[in-house]
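If you want our numbering, it's the 1-based position in the sequence shown plus 23. Backbone N, C-alpha and C fix where the C-beta goes; we use that ideal spot for every residue, glycine too. The structure appears below as structure tokens.
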Amino acid sequence: MEIKHIKGQTFCIDTGMTYIPFYKIDNENIIMLDTGWADGEKEGLTAILENNHFKIVGIINTHAHIDHSGNDAYFKEKYNCPIAMTTAEAMICNSAINLKLYYSTLSLEEIFVHLGHMICHVDMLITPTQDSIEMCGITFKILHTPGHSPAHICLITPDDVAYIGDALISRDVMDGAKMPYAFILAEDLKSKEKLYKLNCSQYVVAHKGIYDNITELITNNIRFYKLRAEMIGDLITTPMTLEEVVQTVRKSFKIPIKDVYKYTLIERMLRSYIEYLSDTGIIKKAVNNGILRYYK
Ligand SMILES: [Zn+2]
Numbered sequence: 024m025e026i027k028h029i030k031g032q033t034f035c036i037d038t039g040m041t042y043i044p045f046y047k048i049d050n051e052n053i054i055m056l057d058t059g060w061a062d063g064e065k066e067g068l069t070a071i072l073e074n075n076h077f078k079i080v081g082i083i084n085t086h087a088h089i090d091h092s093g094n095d096a097y098f099k100e101k102y103n104c105p106i107a108m109t110t111a112e113a114m115i116c117n118s119a120i121n122l123k124l125y126y127s128t129l130s131l132e133e134i135f136v137h138l139g140h141m142i143c144h145v146d147m148l149i150t151p152t153q154d155s156i157e158m159c160g161i162t163f164k165i166l167h168t169p170g171h172s173p174a175h176i177c178l179i180t181p182d183d184v185a186y187i188g189d190a191l192i193s194r195d196v197m198d199g200a201k202m203p204y205a206f207i208l209a210e211d212l213k214s215k216e217k218l219y220k221l222n223c224s225q226y227v228v229a230h231k232g233i234y235d236n237i238t239e240l241i242t243n244n245i246r247f248y249k250l251r252a253e254m255i256g257d258l259i260t261t262p263m264t265l266e267e268v269v270q271t272v273r274k275s276f277k278i279p280i281k282d283v284y285k286y287t288l289i290e291r292m293l294r295s296y297i298e299y300l301s302d303t304g305i306i307k308k309a310v311n312n313g314i315l316r317y318y319k
């Protein structure tokens, strides 16, 4: 892991997989924008913060996904710092039962096993109309970009650096992505369109890039997600059950599914594309002899 300087007091930690921005209030105190993934990043993040004698005095999350808020509870406990998050995302990670509202295809026991570490109490709630948040005297502007998750936000530091979170992915990630995740694809596409209006001096995309201009990246992202939806739609050549769609897409996209957890994730990812194709009228669904099938 290494620290990259972006502009002014805005930096980011390059974990290898992700850029995690932070705002340096002074030589010691920092505000983290997201906290990374617990499984793969907790040790490295702890070490890099300690080696630089940094103390986290606040955390603002773009959204409550495992690779973005995975170390919230851990850092809150370690540094006794407040956490800020949108109301909806804060509600989701408030308890295992609430996590089940979002991760509905996992059982409660599976949620404890895979996502239990995400459970945390959020101290500052960001409402859907709030356009800024002040933490430790530092004001961050907010752009609401729901879709990737229920209430995803982008954050703009006082240095005019926009942290885009997962509202966009980099070209490299697109090249390797088989089926990038969106909670509600249609809303995610609308939020991507909103990003055209941003006029910041730098942009940080979590997975993973730093840009002076994101106009082309936005266009490419919109095109890429729509193309993936189209490819999935094209695979539904005959009436198919959800399971048949999962298997057809798995084979065509060469997605390895080795265990129940991965299967559940892939099915969840696929569902948002199927909902998008259904809502836009590209595919239809009907029940025949008690079996739900998707068809053109
Ligand atoms: Zn995410």
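Residue i versus residue j: straight-line alpha-carbon distance, rounded
i: residue 174; j: residue 112; result: 6 Å
i: residue 229; j: residue 240; result: 13 Å
i: residue 231; j: residue 194; result: 9 Å
i: residue 129; j: residue 146; result: 27 Å
i: residue 54; j: residue 260; result: 50 Å
i: residue 101; j: residue 144; result: 14 Å
i: residue 92; j: residue 178; result: 15 Å
i: residue 262; j: residue 268; result: 9 Å
i: residue 186; j: residue 42; result: 10 Å
i: residue 314; j: residue 63; result: 41 Å
i: residue 318; j: residue 245; result: 25 Å
i: residue 29; j: residue 35; result: 7 Å
i: residue 196; j: residue 188; result: 14 Å
i: residue 150; j: residue 311; result: 43 Å
Extent of the continuous alpha helix (DSSP H) run through residue i
i: residue 248; result: 238 to 258
i: residue 297; result: 283 to 302
i: residue 319; result: From DSSP, residue 319 is part of no alpha helix (DSSP H); its letter is neither H nor E.
i: residue 101; result: 95 to 102
9 Å Cβ cutoff met for residue i and residue j
i: residue 335; j: residue 24; result: No information on residue 335 is available, as it lies outside the stretch 24 to 319 that the chain covers here.
i: residue 47; j: residue 38; result: no
i: residue 77; j: residue 98; result: no
i: residue 184; j: residue 31; result: yes
i: residue 90; j: residue 116; result: no
i: residue 265; j: residue 290; result: yes
Residue i, enclosing beta strand (DSSP E) - first and last residue
i: residue 307; result: 307 to 311
i: residue 109; result: 106 to 109
i: residue 277; result: That residue, residue 277, is in no beta strand (DSSP E); it is neither H nor E in DSSP.
i: residue 232; result: 232 to 234
message = At 4 residues or longer, what runs of the alpha helix (DSSP H) sit wholly inside the stretch 189 to 228?
response = Here the runs fully enclosed are 194 to 199 and 208 to 217.
Secondary structure, alpha helix (DSSP H): runs of 4+ residues fully inside the stretch 115 to 166 = Segments of the alpha helix (DSSP H) lying fully in the stretch 115 to 166: 119 to 125 and 131 to 138.
inquiry  = What ranges does the beta strand (DSSP E) occupy inside the stretch 33 to 79, keeping only unbroken runs of at least 3 residues that lie completely in it?
reply    = Assignment of beta strand (DSSP E) within the stretch 33 to 79, counting only whole runs of 3 or more residues, yields 33 to 37, 42 to 47 and 52 to 56 in chain order.
query = Are at least three pairs of beta-carbons, each pair with one atom in the stretch 122 to 136 and one in the stretch 148 to 159, less than 8 Å apart?
reply = Inter-segment contact for the stretch 122 to 136 and the stretch 148 to 159 is absent: fewer than three beta-carbon pairs are separated by less than 8 Å.
ask   = If we count Cβ pairs, one from each stretch, closer than 8 Å, do we get three or more for the stretch 245 to 255 versus the stretch 196 to 205?
value = The stretch 245 to 255 makes contact with the stretch 196 to 205; the number of CB pairs closer than 8 Å reaches 3 or more.
Sufficient close CB pairs (3 or more, under 8 Å) joining the stretch 206 to 222 to the stretch 161 to 168 = Here the stretch 206 to 222 makes contact with the stretch 161 to 168; the two share three or more CB pairs at distances below 8 Å.
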